[in-house]
Amino acid sequence: MIKMEIKPKLDTFVSTMKKLPKKIQNEAKRELVDIATDMKNQIIEKMQRTPRGGDGYKRGKKIYFASLPGNAPATDGGDLWNSFEIAKRMSGFTVEVGTNVFYAKYLDGKGTKKMAPRPIKANMIENIDIEKRIRDAVARGFKL
(Lines of atoms letter the chains of each structure in order from A and count residues from 1; the text may use other names and numbers.)
(Lines give C-alpha, C1' and ligand atoms only; values in the text may rest on other atoms or scores of the structure.)
Protein backbone atom coordinates (compact mmCIF):
# COMPACT_ATOMS: atom_id res chain seq x y z
CA MET A 1 0.00 0.00 0.00
CA ILE A 2 1.14 3.52 -0.66
CA LYS A 3 -0.37 6.50 1.02
CA MET A 4 0.22 10.16 1.46
CA GLU A 5 -0.77 11.53 4.84
CA ILE A 6 -1.96 15.10 5.12
CA LYS A 7 -1.25 16.11 8.65
CA PRO A 8 -0.04 19.48 9.85
CA LYS A 9 3.63 19.20 10.78
CA LEU A 10 3.46 20.90 14.12
CA ASP A 11 1.85 19.33 17.17
CA THR A 12 1.08 22.87 18.31
CA PHE A 13 -1.26 23.24 15.33
CA VAL A 14 -3.41 20.34 16.48
CA SER A 15 -3.43 21.43 20.12
CA THR A 16 -4.36 24.97 19.05
CA MET A 17 -7.11 23.72 16.73
CA LYS A 18 -8.64 21.63 19.51
CA LYS A 19 -8.98 24.78 21.63
CA LEU A 20 -10.97 26.61 18.95
CA PRO A 21 -14.76 26.45 18.61
CA LYS A 22 -16.17 23.39 16.83
CA LYS A 23 -17.33 25.40 13.81
CA ILE A 24 -13.74 26.47 13.13
CA GLN A 25 -12.43 22.96 13.69
CA ASN A 26 -15.04 21.60 11.29
CA GLU A 27 -14.13 24.16 8.63
CA ALA A 28 -10.45 23.14 8.86
CA LYS A 29 -11.40 19.45 8.69
CA ARG A 30 -13.54 20.05 5.60
CA GLU A 31 -10.61 21.84 3.99
CA LEU A 32 -8.30 18.90 4.75
CA VAL A 33 -10.73 16.59 2.95
CA ASP A 34 -10.90 19.02 0.03
CA ILE A 35 -7.09 19.07 -0.12
CA ALA A 36 -7.02 15.26 -0.11
CA THR A 37 -9.58 15.21 -2.91
CA ASP A 38 -7.48 17.65 -4.93
CA MET A 39 -4.42 15.45 -4.40
CA LYS A 40 -6.31 12.35 -5.51
CA ASN A 41 -7.63 14.13 -8.61
CA GLN A 42 -4.19 15.52 -9.39
CA ILE A 43 -2.50 12.11 -9.44
CA ILE A 44 -5.30 10.62 -11.55
CA GLU A 45 -4.97 13.46 -14.04
CA LYS A 46 -1.19 13.05 -14.15
CA MET A 47 -1.60 9.33 -14.81
CA GLN A 48 -4.05 10.00 -17.63
CA ARG A 49 -1.83 12.65 -19.23
CA THR A 50 1.63 11.21 -18.62
CA PRO A 51 3.83 10.96 -21.70
CA ARG A 52 3.98 7.47 -23.10
CA GLY A 53 7.07 6.18 -24.77
CA GLY A 54 8.25 3.51 -22.42
CA ASP A 55 8.34 -0.16 -23.29
CA GLY A 56 5.48 -1.53 -25.35
CA TYR A 57 3.82 -4.83 -24.61
CA LYS A 58 0.84 -6.68 -25.94
CA ARG A 59 -2.32 -6.59 -23.90
CA GLY A 60 -4.94 -8.69 -25.65
CA LYS A 61 -5.07 -7.50 -29.25
CA LYS A 62 -3.66 -4.06 -28.48
CA ILE A 63 -0.14 -2.88 -27.78
CA TYR A 64 0.16 -0.86 -24.62
CA PHE A 65 2.96 1.65 -24.13
CA ALA A 66 4.08 2.39 -20.60
CA SER A 67 4.95 5.85 -19.37
CA LEU A 68 8.53 7.00 -19.52
CA PRO A 69 10.58 6.11 -16.43
CA GLY A 70 10.41 8.86 -13.83
CA ASN A 71 6.96 10.04 -14.94
CA ALA A 72 3.67 9.13 -13.32
CA PRO A 73 2.44 5.67 -14.32
CA ALA A 74 0.34 5.62 -17.48
CA THR A 75 -3.21 4.32 -17.28
CA ASP A 76 -3.91 0.90 -18.67
CA GLY A 77 -7.04 -0.76 -17.38
CA GLY A 78 -7.73 1.83 -14.69
CA ASP A 79 -7.23 -0.48 -11.70
CA LEU A 80 -4.64 1.78 -10.08
CA TRP A 81 -6.29 5.15 -10.51
CA ASN A 82 -9.72 3.75 -9.62
CA SER A 83 -8.29 2.37 -6.37
CA PHE A 84 -7.25 5.68 -4.81
CA GLU A 85 -9.26 6.46 -1.70
CA ILE A 86 -9.39 9.10 0.99
CA ALA A 87 -9.33 7.96 4.61
CA LYS A 88 -10.30 10.43 7.32
CA ARG A 89 -9.16 10.41 10.92
CA MET A 90 -10.91 13.57 11.81
CA SER A 91 -10.21 13.57 15.54
CA GLY A 92 -6.54 14.11 14.80
CA PHE A 93 -6.96 16.50 11.86
CA THR A 94 -5.48 13.89 9.54
CA VAL A 95 -6.59 12.56 6.16
CA GLU A 96 -4.82 10.08 3.91
CA VAL A 97 -4.87 9.54 0.17
CA GLY A 98 -3.73 6.12 -0.89
CA THR A 99 -4.19 2.88 -2.72
CA ASN A 100 -3.80 -0.73 -1.75
CA VAL A 101 -3.16 -2.03 -5.27
CA PHE A 102 -0.19 -4.34 -4.71
CA TYR A 103 1.97 -3.05 -7.58
CA ALA A 104 1.70 0.60 -6.52
CA LYS A 105 4.58 0.14 -4.08
CA TYR A 106 6.83 -0.98 -6.94
CA LEU A 107 5.78 1.88 -9.18
CA ASP A 108 6.28 4.45 -6.43
CA GLY A 109 9.33 2.81 -4.88
CA LYS A 110 12.43 1.45 -6.54
CA GLY A 111 10.70 -0.34 -9.40
CA THR A 112 11.62 -3.93 -10.21
CA LYS A 113 14.32 -5.70 -12.21
CA LYS A 114 12.23 -5.17 -15.33
CA MET A 115 10.62 -1.81 -14.57
CA ALA A 116 11.92 1.60 -13.59
CA PRO A 117 9.96 3.49 -10.92
CA ARG A 118 7.03 5.70 -11.87
CA PRO A 119 6.47 8.10 -8.94
CA ILE A 120 2.99 8.47 -7.58
CA LYS A 121 3.29 10.34 -4.25
CA ALA A 122 5.69 12.92 -5.66
CA ASN A 123 2.98 13.96 -8.12
CA MET A 124 0.26 14.40 -5.50
CA ILE A 125 1.21 17.68 -3.90
CA GLU A 126 2.30 19.87 -6.77
CA ASN A 127 0.77 23.33 -6.68
CA ILE A 128 -1.20 22.72 -3.49
CA ASP A 129 -0.45 25.23 -0.74
CA ILE A 130 -1.71 23.24 2.23
CA GLU A 131 -0.77 25.77 4.90
CA LYS A 132 -2.48 28.67 3.11
CA ARG A 133 -5.63 26.66 2.54
CA ILE A 134 -5.84 25.68 6.21
CA ARG A 135 -5.27 29.31 7.29
CA ASP A 136 -8.02 30.42 4.91
CA ALA A 137 -10.36 27.72 6.27
CA VAL A 138 -9.75 28.87 9.84
CA ALA A 139 -10.46 32.46 8.81
CA ARG A 140 -13.71 31.32 7.15
CA GLY A 141 -14.63 29.52 10.36
CA PHE A 142 -14.32 32.76 12.33
CA LYS A 143 -16.73 34.45 9.89
CA LEU A 144 -19.45 31.77 10.22
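Quick note on the numbering used here: the sequence shown kicks off at 22 and runs consecutively.
Glycine residues also receive a C-beta, built at the ideal position from the N, C-alpha and C atoms.
Residues in its own chain within less than 6 Å of residue i by CB, not counting five upstream and five downstream?
{"i": "E48", "result": "A158, R161, G162"}
{"i": "A108", "result": "E117"}
From which residue to which residue does the alpha helix (DSSP H) around residue i run?
{"i": "K131", "result": "Here K131 belongs to no alpha helix (DSSP H), and DSSP marks it neither H nor E."}
{"i": "T58", "result": "43 to 70"}
{"i": "F232", "result": "The requested residue 232 does not occur in the structure, where the chain is confined to residues 22 to 165."}
Within the same chain, show all residues whose beta-carbon is closer than 8 Å to that of residue i, passing over the 5 residues directly before and after it, in chain order.
{"i": "D97", "result": "R80, Y85"}
Report yes if the C-beta distance between residue i and residue j is below 8 Å; otherwise report no.
{"i": "I155", "j": "E52", "result": "yes"}
{"i": "I64", "j": "A93", "result": "yes"}
{"i": "G119", "j": "F105", "result": "yes"}
Classify residue i: buried if its beta carbon has 16 or more other beta carbons within 10 angstroms, exposed otherwise.
{"i": "P42", "result": "exposed"}
{"i": "T37", "result": "exposed"}
{"i": "R114", "result": "This sequence places Phe at residue 114; Arg is not what is there. F114 comes out buried."}
Could you compute how far the alpha carbon of residue i sits from the alpha carbon of residue j?
{"i": "K39", "j": "R110", "result": "14 Å"}
{"i": "D100", "j": "I151", "result": "28 Å"}
{"i": "N62", "j": "K82", "result": "30 Å"}
{"i": "T133", "j": "F123", "result": "13 Å"}
In terms of residues, what are the limits of the beta strand (DSSP E) holding residue i?
{"i": "I107", "result": "106 to 110"}
Report all residues from its chain with a CB closer than 7 Å to the CB of residue i; omit the five preceding and five following residues, and keep chain order.
{"i": "S88", "result": "T71, P72, R73, G75, P94, A95, R139"}
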